[in-house]
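To start, the structure itself, in structure tokens.
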Amino acid sequence: MKDGVDLDGSLVDNATAAIRDDRQFNIGPFQSDRKLDAYAKRLAERYEVRHESLREPIRHLSGGNMQKVVCGREISACKTVLIADQPTRGVDVGSVRTIHDHIELLRQHGKAILLISSDLSEIRTLCRRAIVLHQGEIVAHIDDLAAYTEEELGLYMLGLKRQRTTEAGS
Amino acid sequence: MKRLSAFVSRLCSWFKSQFTSRHLLTALIEGGRTLIAILIAYLVAFAVIGFVSDDPEMAIRWFVFGPLSSPTEFGEVLKNATPLLFAGIAACLIIKGGNFNMFTEGAFYAGGLIAALAAIYFDLSGILAIIIPLACGTLAAMLIGYIPAKLKAKYEVNEFVSSIMFNFIVMWIGVWLISNVVIDVTSGDNATAPIPDASRLRILFENTNVTTGLLIALGVAVVAYLYMFRTRFGFRLRMTGDNKAFARSVGIDVGRAGVSSQILGIGVAGLGGGLAILANYHRFNWKTLPGFGFDGFMVAIIAKNRPLLVPFAALFIGYLRSGADLMAFNTDVAQEVVQIIQGLILILVASEAFFSSAWFRGVIAKRMFRRKQLAPVGGVDDHA
Numbered sequence: 046m047k048d049g050v051d052l053d054g055s056l057v058d059n060a061t062a063a064i065r066d067d068r069q070f071n072i073g074p075f076q077s078d079r080k081l082d083a084y085a086k087r088l089a090e091r092y093e094v095r096h097e098s099l100r101e102p103i104r105h106l107s108g109g110n111m112q113k114v115v116c117g118r119e120i121s122a123c124k125t126v127l128i129a130d131q132p133t134r135g136v137d138v139g140s141v142r143t144i145h146d147h148i149e150l151l152r153q154h155g156k157a158i159l160l161i162s163s164d165l166s167e168i169r170t171l172c173r174r175a176i177v178l179h180q181g182e183i184v185a186h187i188d189d190l191a192a193y194t195e196e197e198l199g200l201y202m203l204g205l206k207r208q209r210t211t212e213a214g215s
Numbered sequence: 061m062k063r064l065s066a067f068v069s070r071l072c073s074w075f076k077s078q079f080t081s082r083h084l085l086t087a088l089i090e091g092g093r094t095l096i097a098i099l100i101a102y103l104v105a106f107a108v109i110g111f112v113s114d115d116p117e118m119a120i121r122w123f124v125f126g127p128l129s130s131p132t133e134f135g136e137v138l139k140n141a142t143p144l145l146f147a148g149i150a151a152c153l154i155i156k157g158g159n160f161n162m163f164t165e166g167a168f169y170a171g172g173l174i175a176a177l178a179a180i181y182f183d184l185s186g187i188l189a190i191i192i193p194l195a196c197g198t199l200a201a202m203l204i205g206y207i208p209a210k211l212k213a214k215y216e217v218n219e220f221v222s223s224i225m226f227n228f229i230v231m232w233i234g235v236w237l238i239s240n241v242v243i244d245v246t247s248g249d250n251a252t253a254p255i256p257d258a259s260r261l262r263i264l265f266e267n268t269n270v271t272t273g274l275l276i277a278l279g280v281a282v283v284a285y286l287y288m289f290r291t292r293f294g295f296r297l298r299m300t301g302d303n304k305a306f307a308r309s310v311g312i313d314v315g316r317a318g319v320s321s322q323i324l325g326i327g328v329a330g331l332g333g334g335l336a337i338l339a340n341y342h343r344f345n346w347k348t349l350p351g352f353g354f355d356g357f358m359v360a361i362i363a364k365n366r367p368l369l370v371p372f373a374a375l376f377i378g379y380l381r382s383g384a385d386l387m388a389f390n391t392d393v394a395q396e397v398v399q400i401i402q403g404l405i406l407i408l409v410a411s412e413a414f415f416s417s418a419w420f421r422g423v424i425a426k427r428m429f430r431r432k433q434l435a436p437v438g439g440v441d442d443h444a
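Protein chains in written order, with this note's numbering: chain A, 46 to 215; chain B, 61 to 444.
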């Protein structure tokens, strides 16, 4: 929350922070409030951010809604690579789905996504390839995630099983 | 006609987005807090006056109604408010950028001195006689102000301390200059030669001391508002000031944003210093720091760091000062007591924590909205 949002800033400020320098939002030195508002509104609708007004400070929102704003901002502004660290922790179930759908969409557009997560089901829904870490060490490189069962992955995660070093490739 | 109706509907939706019920409530509470603080401050002031004066009624009358009694007196209010307006805008820019650079004080001094010297020694005519000295003063202030700002950005030197030091360095260089180098011995004072008439600002209203400086000040307030809230540079400035870690993570160069906010604020203060000299002084003879820079932070706090509210805050402080001056001049309340009263009022008005927001909000919400419960925004049912 420290790095993700400006608590005193409005919903618009926070939702548009990553695309402020985009040419389409600037008219000479000035920013187009109308376009920025529209952008923020669209983002809030897509990610189901519950809010009263676009201008209220974002600290009035709940933590889950704040996180939706952060996810929405970064996913929408993604150019080539997205690094998502626990993107859905603390978000309500319905919104998890929304965020996942948008990350999925990003992948279909050919963007590279590095997802860091402790939620196995999240990884299984989103990822094709995975690297399993156990105590900071790579224990498995998995190229075809669907072929593995949760039990197998669990064994890797617990460090009970590991690929041979050549296989793990590190 | 169609464009007009489109414009009106846009205006309406803008107003709607600005003034939701929660917004209105917040604005009411904030405004109410300031008003109540002012009210209490005045009551305390009246009590003090009652203690020290033989004719408190008269003193209070001068204090409260004196500044409004005639156009000339109201002109004094506006005259007093003008430098405060510059200082307030300067402080807004600096505080919003997340810094506490006190060099606005030295900037007033440097801006005034350099503007006076440029006016005297360049000896220009026409509009240039005003523009060039002001530009020189502003630039000089910005150049000196760059040092503490850059030190902060680059080496994490506390800008509060270094800028106060710079105030004194600048002041003593200035005092040395006007006592030794650019002194005009015929003045009988440590002062520069007279400022040529061509460089003096025009009086706006007859029988007052209000000059065109006031218009420039209002212009600066509007420009500062546009800069801070309508441009991408202002966005960077605000985000850096609110939350540096966040600003950095969305790709803002926080060092540059911090420095530019300080430089701009100091430039505004320098301009204010130049205008104060060209408007109200025949010679430059400041031998101490003028105090406007410090006052500016107070004005900014009263105005809640909003450039468009700064003129009102500056006007209020100007009114307070004029009333105090009139009371000291016309009644038995000594100037020192007036200073005490001013201090009390300013402390009360400026102390944000005087009414702790949560407590006060609770009282207001309970009293005013007992029937209509305010629904929590965002919902608490999110698993957050």
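Quick reminder that beta carbons are idealized off the backbone N, C-alpha and C, glycines included.
message = Taking its Cβ as the centre, do 16 or more other Cβ atoms sit within 10 Å of R55 of chain A, making it buried, or is it exposed?
response = The sequence shown places Ser at residue 55 of chain A, rather than the Arg named in the question. Label assigned to S55 of chain A: buried.
field: Cα-Cα separation, P197 of chain B to L261 of chain B
entry: The question names Pro, but residue 197 of chain B in the sequence shown is Gly. Each residue's alpha carbon lies about 15 Å from the other.
| task | Please classify I144 of chain A: does DSSP put it in a helix, a strand, or coil? | result | helix
Look at the alpha carbon of L99 of chain A and the alpha carbon of V68 of chain B, and state the distance between them as a whole number of angstroms. 20 Å
- Task: Can you pull the chain A residues whose beta carbon is under 8 Å from the beta carbon of S309 of chain B, in chain order?
- Result: D48 and G49
Classify S222 of chain B: buried if its beta carbon has 16 or more other beta carbons within 10 angstroms, exposed otherwise. buried
Please list, in chain order, the chain A residues whose beta carbon lies closer than 8 Å to that of F306 of chain B. K47, D48, G49, V50, D51 and A62
_P132 of chain A at chain B interface by Cβ criterion, 8 Å_ = no
* Opposite T291 of chain B in the DSSP bridges: which residues? -> A:F75
(message) Which residues in chain B have a C-beta closer than 8 Å to the C-beta of G155 of chain A? List them in chain order.
(response) Correct list: empty, because the minimum Cβ distance to chain B is about 22 Å.
> What's the C-alpha gap between G325 of chain B and N303 of chain B?
Replying inline: 19 Å
Requested in this report: Would you please verify whether the beta carbon of R65 of chain A is less than 8 Å from any beta carbon of chain B?
Outcome: yes
Continuous beta strand (DSSP E) assignments of at least 3 residues falling wholly in the segment 189 to 214 of chain B: none
Margin query: Nearest by alpha-carbon distance to L274 of chain B: which of B:L286, B:V370, B:I405 and B:G353 is it?
Written below: B:V370
- Task: Please determine, among A:I64, A:L171 and A:I176, the residue with the shortest C-alpha to C-alpha distance to D188 of chain A.
- Result: A:I176
| Quick one: Cα of V126 of chain A to Cα of L178 of chain A, how far? | 21 Å
Notebook entry, point to check: Can you name the residues of chain B whose CB is closer than 8 Å to the CB of K76 of chain A?
Noted result: Contrary to the premise, residue 76 of chain A reads as Gln rather than Lys in this sequence. Per Cβ cutoff of 8 Å: R290, T291, R292 and F295.
### Distance CB(E219 of chain B)-CB(N161 of chain B) smaller than 8 Å
yes
Kindly list, in the order they appear in chain A, the residues whose Cβ is closer than 8 Å to that of N365 of chain B.
Those within 8 Å of N365 of chain B in chain A number zero; the least Cβ separation is about 11 Å.
**Prompt:** Are any of the Cβ atoms in chain A nearer than 8 Å to that of D313 of chain B?
**Reply:** no
Review point. Is A60 of chain A helix, strand or coil by DSSP?
Key: helix
query: Looking at the C-beta of G54 of chain A, does it have a partner C-beta in chain B at a distance below 8 Å?
result: yes
(Q) Please list the terminal residues of the continuous alpha helix (DSSP H) segment that includes I180 of chain B. (A) T164 to F182
| said: Checking the sheet assignment: what are the DSSP bridge partners for P102 of chain A? | reply: A:S55
Item to check | Continuous beta strand (DSSP E) stretch holding I187 of chain A: start and end | outcome: E182 to I187
What does a CB cutoff of less than 6 Å around S77 of chain A pick up in its chain, not counting 5 residues either side in sequence? F70
Quiz item: Whose C-beta lies closer than 6 Å to the C-beta of G158 of chain B among residues of the same chain, with five residues either side of it excluded?
Solution: T300 and G301
(message) If contacts are defined as beta-carbon pairs under 8 Å, then M202 of chain B and I323 of chain B qualify, I think. What distance do you get, rounded to the angstrom?
(response) 5 Å
Discussion item. If we define contact as Cβ-Cβ less than 8 Å, is N303 of chain B a contact residue for chain A?
Written reply: yes
query = Counting only runs that start and end within the segment 115 to 159 of chain A, where is the beta strand (DSSP E) found for 3 or more residues in a row?
reply = 126 to 130
Cβ shell of A253 of chain B (< 6 Å), same chain only, five flanking positions each side left out
I180 and D244
Going along the chain, which residues of its own chain have a beta-carbon closer than 7 Å to the beta-carbon of Y193 of chain A, five neighbours each way excluded? I187
Find the nearest neighbour of T391 of chain B within the set B:G110, B:L99, B:A175 and B:A101, judged by alpha-carbon distance. B:G110
Does the beta-carbon of P193 of chain B have 16 or more other beta-carbons within 10 angstroms, so that it is buried, or is it exposed?
buried
**Item:** CA-to-CA distance, Q131 of chain A to D51 of chain A, given in whole angstroms
**Value:** 19 Å
Comparing C-alpha positions only, which one of B:T86, B:P127, B:A394 and B:D183 sits nearest to A258 of chain B? B:D183
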